[in-house]
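Chemist:
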Amino acid sequence: MFAVLRILFVLAVVLAGWSVFRYLRTRDRYWLVFLCRVIAATLALLLLFFIGLVAERIFWL
607 MFAVLRILFV LAVVLAGWSV FRYLRTRDRY WLVFLCRVIA ATLALLLLFF
657 IGLVAERIFW L
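Here the working numbering = 1-based position in the sequence shown + 606.
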């Protein structure tokens, strides 16, 4: 499970970098909205990762 989350996190970082690059070249608002969505999804992914680690720590003792 955590390997999939790590892959998704790397994908989110790449997408954020791409959207910043595209925004700086085109100044299109779409890329800012896309960046906000990627950041929100990344924060949700980090929260899920943290909850998974806490649950693993609690239930594997």
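All C-beta atoms in this analysis are idealised placements derived from N, C-alpha and C, irrespective of residue type, glycine included.
Count the other CB atoms within 10 Å of the CB of V644; is the residue buried (16 or more) or exposed (fewer)?
Modeler: The count along the sequence shown starts at 1 and reaches residue 644 at position 38. Its Cβ being crowded by 16 or more others within 10 Å, V644 is buried.
Chemist: Which value, in whole angstroms, describes the spacing of the CA atoms of A609 and V619?
Modeler: Here residue 609 refers to the residue found at position 3 of the sequence shown. Here residue 619 refers to the residue found at position 13 of the sequence shown. Their Cα atoms are separated by approximately 15 angstroms.
Chemist: Would a C-beta distance cut-off of 8 angstroms place V626 and L641 closer than the cut-off?
Modeler: Residue 626 sits at position 20 when you count from the first residue of the sequence shown. Residue 641 sits at position 35 when you count from the first residue of the sequence shown. With respect to L641, V626 sits close: the two C-beta atoms are nearer than 8 angstroms.
Chemist: Just to confirm my understanding: we take T648, look at its own chain, exclude 5 residues before and 5 after, and list those with CB closer than 8 angstroms. What are they?
Modeler: As a position in the sequence shown, residue 648 is number 42, starting the count at 1. Only F615, A618, V619, A622 meet the Cβ criterion.
Chemist: Between which residues of its own chain and W637 is the CB-CB distance below 8 angstroms, once the five residues before and five after are set aside?
Modeler: Along the sequence shown, read from residue 1 onward, the residue named residue 637 stands at position 31. Here the set comprises S625, V626, R628, Y629.
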